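Right, one structure below, let's go through it.
Protein chains: 2
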Amino acid sequence: MLSKNKISFIKSLHQKKFRDEERLFIAEGKKVVEELLSSNFVIRTLVATADYLAAFHDTTLDEIPEILEAKPSDMERISALTTAPEVMAIAEIPATVLDVTMLKGKLSLLLDDVRDPGNFGTILRIAHWFGVDQVISSLNSVDAFNPKVVQAAMGSLFHVPVYSIGLEGLLSELKSDPELPVYATVLGGENLFTAPLSKSGLIIFGNESMGIRTSLQELSDRKLTIPSFEGSEGNRPESLNVGVSAAIVLAEFRRRG
Amino acid sequence: MLSKNKISFIKSLHQKKFRDEERLFIAEGKKVVEELLSSNFVIRTLVATADYLAAFHDTTLDEIPEILEAKPSDMERISALTTAPEVMAIAEIPATVLDVTMLKGKLSLLLDDVRDPGNFGTILRIAHWFGVDQVISSLNSVDAFNPKVVQAAMGSLFHVPVYSIGLEGLLSELKSDPELPVYATVLGGENLFTAPLSKSGLIIFGNESMGIRTSLQELSDRKLTIPSFEGSEGNRPESLNVGVSAAIVLAEFRRRG
Chain A
1 MLSKNKISFI KSLHQKKFRD EERLFIAEGK KVVEELLSSN FVIRTLVATA
51 DYLAAFHDTT LDEIPEILEA KPSDMERISA LTTAPEVMAI AEIPATVLDV
101 TMLKGKLSLL LDDVRDPGNF GTILRIAHWF GVDQVISSLN SVDAFNPKVV
151 QAAMGSLFHV PVYSIGLEGL LSELKSDPEL PVYATVLGGE NLFTAPLSKS
201 GLIIFGNESM GIRTSLQELS DRKLTIPSFE GSEGNRPESL NVGVSAAIVL
251 AEFRRRG
Chain B
1 MLSKNKISFI KSLHQKKFRD EERLFIAEGK KVVEELLSSN FVIRTLVATA
51 DYLAAFHDTT LDEIPEILEA KPSDMERISA LTTAPEVMAI AEIPATVLDV
101 TMLKGKLSLL LDDVRDPGNF GTILRIAHWF GVDQVISSLN SVDAFNPKVV
151 QAAMGSLFHV PVYSIGLEGL LSELKSDPEL PVYATVLGGE NLFTAPLSKS
201 GLIIFGNESM GIRTSLQELS DRKLTIPSFE GSEGNRPESL NVGVSAAIVL
251 AEFRRRG
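Residue numbers (the working numbering), protein chains in the order written: chain A, 1 to 257; chain B, 1 to 257.
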C-alpha cells in the first residue's frame, strides 16, 4: 500500500519544479510503461493495482528496485490524467547536454514555445516515426516530462533525445554553417513542396498562436509554408495545428531524402 | 437573462439524440462563432455575456433572430467545454443528402468509425486546408455536430460538407468505377510516396485503435502506408495518429495534383 508520504512525493512530480529537483518524472498507463520498460530509461518505482501486478509481475518487472501495490482510489490520487491508470512508473530524467557539433549531418526539430502538452507529445511521436535525431525545445515550451506530454508521446519520448535550451543562443552559434541550414515554418514563406530542402539541418516550429518569434525567423536561412488548396468551398483556415504542420513538413523532408 | 427552460434546452443539445430531433447544434467561443457568422449556416440564437455583447453587438449580429444575455455562471452551465466561452450560437444543422454522382472528379475523405472528437475536428480542419470536397463519416463515427468536434474544427465544419452514412453501402455502389479509385490508409500497404495517386477519388481513414474494417479494405482499390524512417534510435512507433496520417496523405495527394 502507498504511504501518505509516497502519495505526496509522487504528486509533487506533477510539477516541473519538483521534477527538476528530483530529476524524476512519472509515466502512466500500460502502453507507456511498456515502452519505458523497453527503453534505456531507468525506472525507480512502479506503482500498480493488484490486478495489474497479478497479470504482469513477470521477469521484466524483477529489475525494478521498488514495486508498490496501490488501491484504484490511490491510483486516482497520484495520477495527473483524467482517467487513473492501472500502472505508473517513476523514472529518472536522463542527464542530457547538447553538443552542437553532433547536429552535423542530422535532422533536428526546434520547438519555439510550444505550450500545449498534447501538441508537444504528438510532435515527439511524429519525430520518432520520421527518424528525427533530436528535438530541441525553447525554455518557454512545455516541459517534455510533463505527465500529459509523456502520455501524448506514447513512448516516443523514450526514443527521441529531447533538449531544452535557449534557441537564440543555439542559432547564433550555428549561424552561417552551410552544412546546417535552418528552416522556419511560417505563414507566407516559400512553398514547401517546391523549395529546395537538404537532408540534414534544423526545422523550427512555433508557438500555437504566435508562431515563431521574429528574432528566430531572422536567424533562419529559409522560410517554408505548407500551401493550402482551393476546393469547391471558399476561404481557407488561417493555419494548421503545429503537430499537423510538423507531420507534413517532416514527411516532405523524408520523402525527398 | 436565460430562463431555466432555455438552459435545459441548450444543454439537451450536448446530446446527439436531441440534436437530431431538433436539427440544431451549438457552437462555442468567439473564433468559432465568428466563422459561423461568415458562413452560410443559419443561426437561431446567440447567447453571450454582457461584455461580449457590448463589444460585438454590431450589424453582423442584427440578423440573428434571438440574442440573449447570460451571466458567466450561466455560460458555464450551458457550455459543453471545460472552459465556458463568452459567446455561444445555436445554429441549424444543414439538411444534406449525399448524391453519389457528385463524387466524380472530386476528392472525398471517408472516416470509418473515427471516435475521438478532437481527431474528427482536426481532420475537418485539414480537409478544409487541402480543399477536400466532402467528408463522409460512418454511422459509428463521432457526430460531426458534437460540441467538441465543432470546437476542434475551428470553423472548418462550416465550410466542408459532412455526410454520415453507411460506408459499405456507399463503396458497394461505387465499386469498379474507374473514375473513382478508393484508397485505404493502412499499415503494411504500398508506400504513399511512390504509389500512383489520382487527382480525384475517395481516401479512407480508420478508427483510432482498430484501423479500417476489413470489409471496407476489401472494397478499396489501393492500400497506402506512410513509411517510417530509420534514425539514430531504434524501434519506430506502431502507428501515427489518424489526424496526422490524414494530413500527410492529403498533402501528398495535393502536392502531386
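Virtual Cβ for every residue (Gly too), placed ideally from N, Cα, C. Note that the structure is a prediction, hence the values are computed from the model and not measured.
(1) Counting C-beta neighbours from all protein chains within 10 Å, is the total for S209/B 16 or more, i.e. buried, or is it exposed?
(2) What is the residue span of the beta strand (DSSP E) that F193/B lies within?
(3) For the alpha helix (DSSP H) containing M259/A, list its first residue and its last residue.
(4) For R44/A, report the span of its beta strand (DSSP E) as first-last.
(5) Counting C-beta neighbours from all protein chains within 10 Å, is the total for R213/A 16 or more, i.e. buried, or is it exposed?
(6) Go ahead and label T60/B buried or exposed: buried means 16 or more other beta carbons lie within 10 angstroms of its beta carbon, across all protein chains shown.
(7) Is A184/A buried or exposed, if buried means 16 or more other CB atoms sit within 10 Å of its CB?
(8) What number of angstroms, rounded off, separates the C-alpha of A70/B from the C-alpha of I78/B?
(9) For A91/B, does the three-state DSSP call read helix, strand or coil?
(10) In chain order, what residues of the same chain have a beta carbon less than 6 Å from the beta carbon of V132/A, not counting five sequence neighbours either side?
(11) Check whether chain B comes within 7 Å of P237/A, counting only Cβ atoms and requiring the distance to be less than that.
(12) Within this structure, are the beta carbons of F145/A and R23/A separated by less than 7 Å?
(13) With a 10 Å radius around its C-beta and 16 neighbouring C-beta atoms as the bar for buried, classify A316/B as buried or exposed.
(14) Mind listing the chain B neighbours of T122/A? Cutoff is C-beta to C-beta under 8 Å, in chain order.
(15) Using DSSP with H/G/I as helix, E/B as strand and the rest coil, what is Q151/B?
(16) Taking 7 Å as the CB-CB limit, is S228/B close to chain A?
(17) Helix or strand or just coil, what does DSSP make of P85/A?
(18) Listing by chain order, which chain A residues have their CB less than 7 Å from the CB of G206/B?
(19) Can you tell me which residues form a DSSP beta bridge with R222/B?
(20) Would you say H14/A lies against chain B (beta-carbon separation less than 7 Å)?
(21) Could you name the residues that DSSP lists as bridge partners for F266/B?
(22) Among the candidates G155/B, G211/B, L202/B, whose CA atom is the shortest distance from the CA of P178/B?
(23) Buried or exposed: Q15/B, going by 16 or more other Cβ atoms within 10 Å of its Cβ?
(24) Who are the neighbours of F193/B on chain A, taking C-beta pairs under 7 Å?
(25) Using 7 Å as the limit for Cβ to Cβ distance, is S137/A near chain B?
(26) Within 7 Å of any Cβ in chain A, is that where the Cβ of A27/B sits?
(27) For S156/A, decide whether its Cβ has a neighbour in chain B, counting only Cβ atoms nearer than 7 Å.
(28) Going by beta carbon distance, what residues of the same chain come within less than 8 Å of L36/A, once the five residues before and after it are set aside?
(29) Beta-carbon of R125/A versus every beta-carbon of chain B: anything under 7 Å?
(30) Run down chain A in chain order and give the residues with a C-beta less than 7 Å from the C-beta of A247/B.
(31) Using a Cβ-Cβ cut-off of 6 Å (strictly less than) and excluding sequence neighbours within five positions of H128/A, which residues of its own chain qualify?
(32) Which of the three DSSP states is assigned to N207/B in this structure?
(33) Using a Cβ-Cβ cut-off of less than 7 Å, list which residues of the region 66-85 of chain B approach chain A; keep chain order.
(34) Straight-line CA distance for G118/A to N241/B?
(35) Can you tell me the Cα-Cα spacing of P258/A and T83/B, whole angstroms?
This is what the structure gives:
(1) Along the second sequence, read from residue 1 onward, the residue named residue 209/B stands at position 209. An exposed status is given to S209/B, since fewer than 16 other beta-carbon atoms sit within 10 Å of its beta-carbon.
(2) As a first step, residue 193/B must be located in the second sequence, where it is residue number 193. For F193/B, there is no enclosing beta strand (DSSP E), as DSSP marks it with neither H nor E.
(3) For chain A, the structure presents residues 1 to 257; residue 259/A sits outside this window and is missing.
(4) Here residue 44/A refers to the residue found at position 44 of the first sequence. Run containing R44/A: 43-48, per the beta strand (DSSP E) assignment.
(5) To locate residue 213/A, count along the first sequence from 1; it is residue 213. R213/A counts as buried, since no fewer than 16 other beta carbons sit within 10 angstroms of its beta carbon.
(6) In the second sequence, the residue the question calls residue 60/B occupies position 60. Here T60/B is exposed. Its C-beta has fewer than 16 other C-beta atoms within 10 Å.
(7) Position 184 of the first sequence, counted from the first residue, corresponds to residue 184/A. The residue in question, A184/A, is buried, as its Cβ has 16 or more Cβ neighbours within 10 Å.
(8) Locating residue 70/B in the second sequence gives position 70, where the first residue counts as 1. Locating residue 78/B in the second sequence gives position 78, where the first residue counts as 1. A70/B and I78/B have their C-alpha atoms roughly 10 Å apart.
(9) Indexing the second sequence from 1 puts residue 91/B at position 91. A91/B falls in the strand class under three-state DSSP.
(10) Residue mapping note: residue 132/A aligns to position 132 of the first sequence, counting from 1. Only L107, L109 meet the Cβ criterion.
(11) Indexing the first sequence from 1 puts residue 237/A at position 237. Cβ-Cβ to chain B under 7 Å: yes for P237/A.
(12) Working through the first sequence from its first residue, we reach residue 145/A at position 145. Working through the first sequence from its first residue, we reach residue 23/A at position 23. For F145/A and R23/A, no; Cβs fall outside 7 Å.
(13) Beyond the ends of chain B as shown, which are 1 and 257, falls residue 316/B; an answer cannot be given.
(14) As a position in the first sequence, residue 122/A is number 122, starting the count at 1. The CB of T122/A comes closer than 8 Å to the CB of N241, V244 in chain B, given here in chain order.
(15) For the purposes of this step, residue 151/B is taken as residue 151 along the second sequence, with counting starting at 1. Three-state DSSP puts Q151/B in a helix.
(16) The residue labelled residue 228/B in the question sits at position 228 within the second sequence. True, the Cβ-Cβ gap to chain A drops below 7 Å.
(17) To locate residue 85/A, count along the first sequence from 1; it is residue 85. Here P85/A sits in coil by DSSP.
(18) By 1-based counting over the second sequence, the position of residue 206/B is 206. Below the 7 Å Cβ cutoff, chain A contributes no neighbours of G206/B, its closest Cβ being approximately 17 Å away.
(19) Taking the first residue of the second sequence as position 1, residue 222/B is located at position 222. Answer by DSSP bridge pairing, in chain order: Y183/B.
(20) Counting from one through the first sequence, the residue named residue 14/A turns up at place 14. Output row for H14/A: interface = no.
(21) There is no way to answer for residue 266/B, as the model of chain B reaches only from 1 to 257.
(22) The residue given as residue 178/B occupies position 178 in the second sequence. In terms of CA proximity to P178/B, L202/B leads the group G155/B, G211/B, L202/B.
(23) For the purposes of this step, residue 15/B is taken as the residue at position 15 of the second sequence. With fewer than 16 other Cβ atoms within 10 Å, it is exposed.
(24) Residue mapping note: residue 193/B aligns to position 193 of the second sequence, counting from 1. Those are R255, listed as they occur along chain A.
(25) Translated into positions along the first sequence, residue 137/A becomes position 137. With its beta carbon at least 7 Å from every one in chain B, S137/A lies outside the interface.
(26) Walking along the second sequence from the start, residue 27/B turns up at place 27. Any Cβ of chain A closer than 7 Å to the Cβ of A27/B would place that residue at the interface, and such an atom is absent.
(27) Taking the first sequence and counting its residues from 1, one reaches residue 156/A at position 156. Yes - at least one Cβ of chain B is within 7 Å of the one on S156/A.
(28) Mapped onto the first sequence, residue 36/A falls at position 36. So the qualifying residues of the chain are A27, I43, A89, A91, G155, F158.
(29) Numbered from its first residue, the first sequence carries residue 125/A at position 125. Judged by the 7 Å Cβ criterion, R125/A is in contact with chain B.
(30) Counting from one through the second sequence, the residue named residue 247/B turns up at place 247. Contacts between A247/B and chain A, judged by CB atoms closer than 7 Å, involve V244, A247, I248 in chain order.
(31) Position 128 of the first sequence, counting from 1, holds the residue named residue 128/A. Within its own chain, the residues whose Cβ lies closer than 6 Å to the Cβ of H128/A, once the five positions on either side in sequence are excluded, are S156, H159, V160, listed in chain order.
(32) In the second sequence, counting from the first residue as 1, residue 207/B sits at position 207. It is a strand residue.
(33) So the list is empty, because no residue satisfies the distance condition.
(34) Residue mapping note: residue 118/A aligns to position 118 of the first sequence, counting from 1. Residue mapping note: residue 241/B aligns to position 241 of the second sequence, counting from 1. Answer to the nearest angstrom: the Cα atoms are 12 Å apart.
(35) Any property of residue 258/A remains undetermined from this structure, which presents chain A solely from 1 to 257.
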